[in-house]
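Trainee: Below is the structure I would like to discuss, written out as structure tokens.
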Amino acid sequence: MKKTIIVQEQGQAMLADALRKIEEPSRRQFLQRSLTLGGLALLTGCDVSDESSIDAGLNQVSRFNDKVQGLLFDASRLAPTYPDSMIARPFPFNAFYGEDEVRQIDGDSWRLELSGLVTRRKPWSLAQLRALPQESQVTRHICVEGWSAIGKWGGVPFAHFLNLIGADKTAKYVGFKCDDDYFTSIDMATALHPQTIMALTYDGQELPPKYGYPMKLRMPTKLGYKNPKHIRAIYVTNTYTGGYWEDQGYNWFGGS
Ligand SMILES: Nc1nc2c(c(=O)[nH]1)N[C@H]1C(S)=C(S)[C@@H](COP(=O)(O)O)O[C@H]1N2
Ligand SMILES: [Mo]
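In this text, residue positions in the sequence shown follow our numbering: the first is 1329, and each later residue adds one.
So this is what it looks like as structure tokens:
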């Protein structure tokens, strides 16, 4: 009994240390909600007196979380939708840089590049994407930095696009490279979800630069950082490629 208490106390102290080391408040919040150090030690068998072992342990828990979220993800369950009257105006901007540094992309010369497990890899122009069937949604965007807002996005259902390009739908991942050097990757089940769209418009207007012109992927089933803006290239793969924030400790699956 006494030993358990000491272990718990040591665990709490180590957890406090580990959390102090983690700068991002969002990651801290995520970890606080999802684990205790004792639980971490039990789950991973890691030595909680060694800091690099704690990092490895946290990553292992995050990978475990990806698996659980992947298993729990219901491909037919829809995220809530809202009336137009609830759209946030103005809708918040966020990126890993400030609004004054938003990339200005020339839509006329822009081409969407395709690679990986895809049979038709010809690049797409914006006009070609606009000619495809379009859908719109009023959904809530949730950012781990502590805000959420309802917005309206319109564009091509991604499942339709993946069919058109002959993507291997048994592959594990779809990855995205963006014009601002942001990158992320998602699970195939979410890529095929009916509310996952290649957004070309925001609130009925051409997608403004700050919200990801010329095209972003909008997924109401995933947290903000999983929704890439300014997409330049899409690839389909069975190899894990992580993401900009994911590689810095944000959970990869990132369900909302
Ligand atoms: N290309 C790119 N996409 C990105 C980001 C970014 O920095 N670059 N930031 C992500 C984060 S953390 C959030 S919350 C949303 C913000 O999208 P918004 O500007 O439309 O609100 O974009 C996501 N997609
Ligand atoms: Mo975010």
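For every residue, glycine included, the Cβ atom is placed at its ideal position computed from N, Cα and C.
Give me the residue from 1373, 1542, 1419, 1490 with the minimum Cα distance to residue 1439.
Mentor: Here residue 1439 refers to the residue found at position 111 of the sequence shown. The shortest Cα separation from residue 1439 among 1373, 1542, 1419, 1490 belongs to 1542.
Trainee: Residues bridged to residue 1470 by DSSP?
Mentor: One-based indexing of the sequence shown puts residue 1470 at position 142. DSSP lists 1476 as partners of residue 1470.
Trainee: Between which two residues does the alpha helix (DSSP H) carrying residue 1518 extend?
Mentor: Start at 1 with the first residue of the sequence shown, and residue 1518 comes out as number 190. Per DSSP, residue 1518 belongs to the alpha helix (DSSP H) from 1516-1519.
Trainee: Any heavy atom of ligand 1 closer than 7 Å to the CB of residue 1451?
Mentor: Counting from 1 along the sequence shown, the entry for residue 1451 is found at position 123. Checking every heavy atom of ligand 1 against the Cβ of residue 1451, none is found closer than 7 Å.
Trainee: How long is the line joining the alpha carbons of residue 1444 and residue 1564, rounded to whole angstroms?
Mentor: Here the question's residue 1444 lines up with position 116 in the sequence shown. Here the question's residue 1564 lines up with position 236 in the sequence shown. Cα-Cα distance, rounded: 5 Å.
Trainee: Please list the segments of the alpha helix (DSSP H) lying wholly inside the segment 1376-1400, counting only runs of 4 or more residues, in order along the chain.
Mentor: 1379-1400
Trainee: Can you tell me which residues fall inside 6 Å of ligand 2, judged by beta-carbon distance to its nearest heavy atom, and keep chain order?
Mentor: Those residues that bring their Cβ nearer than 6 Å to a heavy atom of ligand 2 are 1422, 1471, 1472, 1473, 1552, 1553.
Trainee: Taking C-alpha atoms, which residue in 1409, 1568, 1579, 1526 lies nearest to residue 1551?
Mentor: Residue 1551 sits at position 223 when you count from the first residue of the sequence shown. Closest by alpha carbon: 1579.
Trainee: Going by CA-CA distance only, name the one from 1411, 1470, 1482, 1500 that's closest to residue 1464.
Mentor: Against the sequence shown, residue 1464 aligns to sequence position 136. It is 1482 whose Cα lies nearest to the Cα of residue 1464.
Trainee: Measuring straight from C-alpha to C-alpha, what distance separates residue 1512 and residue 1570?
Mentor: Taking the first residue of the sequence shown as 1, we reach residue 1512 at position 184. Taking the first residue of the sequence shown as 1, we reach residue 1570 at position 242. In this model, residue 1512 and residue 1570 are separated by some 6 Å (Cα to Cα).
Trainee: Could you check how far apart the C-beta atoms of residue 1538 and residue 1559 are, in whole angstroms? I think they sit under 8 Å.
Mentor: For the purposes of this step, residue 1538 is taken as the residue at position 210 of the sequence shown. For the purposes of this step, residue 1559 is taken as the residue at position 231 of the sequence shown. Contact flag wrong, Cβ pair sits at about 15 Å.
Trainee: Do residue 1403 and residue 1520 have their CB atoms nearer than 8 Å?
Mentor: Mapped onto the sequence shown, residue 1403 falls at position 75. Mapped onto the sequence shown, residue 1520 falls at position 192. Yes; because the gap between Cβ atoms is below 8 Å, this pair is in contact.
Trainee: Which ranges does the beta strand (DSSP E) cover as unbroken runs of at least 3 residues, wholly within the segment 1422-1446, from first to last along the chain?
Mentor: Within the segment 1422-1446, the complete beta strand (DSSP E) runs of at least 3 residues are 1441-1444.
Trainee: Does any heavy atom of ligand 1 sit closer than 7 Å to the C-beta of residue 1558?
Mentor: As a working note, residue 1558 is residue 230 in the sequence shown. Checking the Cβ of residue 1558 against ligand 1 gives yes.
Trainee: In the DSSP assignment, find the unbroken beta strand (DSSP E) run with residue 1504 in it and report its ends.
Mentor: Translated into the one-based positions of the sequence shown, residue 1504 becomes position 176. Annotation: the continuous beta strand (DSSP E) that includes residue 1504 extends over 1501-1506.
Trainee: On a Cα-Cα basis, can you pick out the residue from 1526, 1394, 1407 that is closest to residue 1555?
Mentor: Position 227 of the sequence shown, counted from the first residue, corresponds to residue 1555. Checked all of 1526, 1394, 1407; the closest Cα to residue 1555 is 1526.
Trainee: Rounding to the nearest angstrom, what Cα-Cα distance links residue 1576 and residue 1509 in this structure?
Mentor: Position 248 of the sequence shown holds residue 1576. Position 181 of the sequence shown holds residue 1509. Approximately 15 Å, taken between the alpha carbons.
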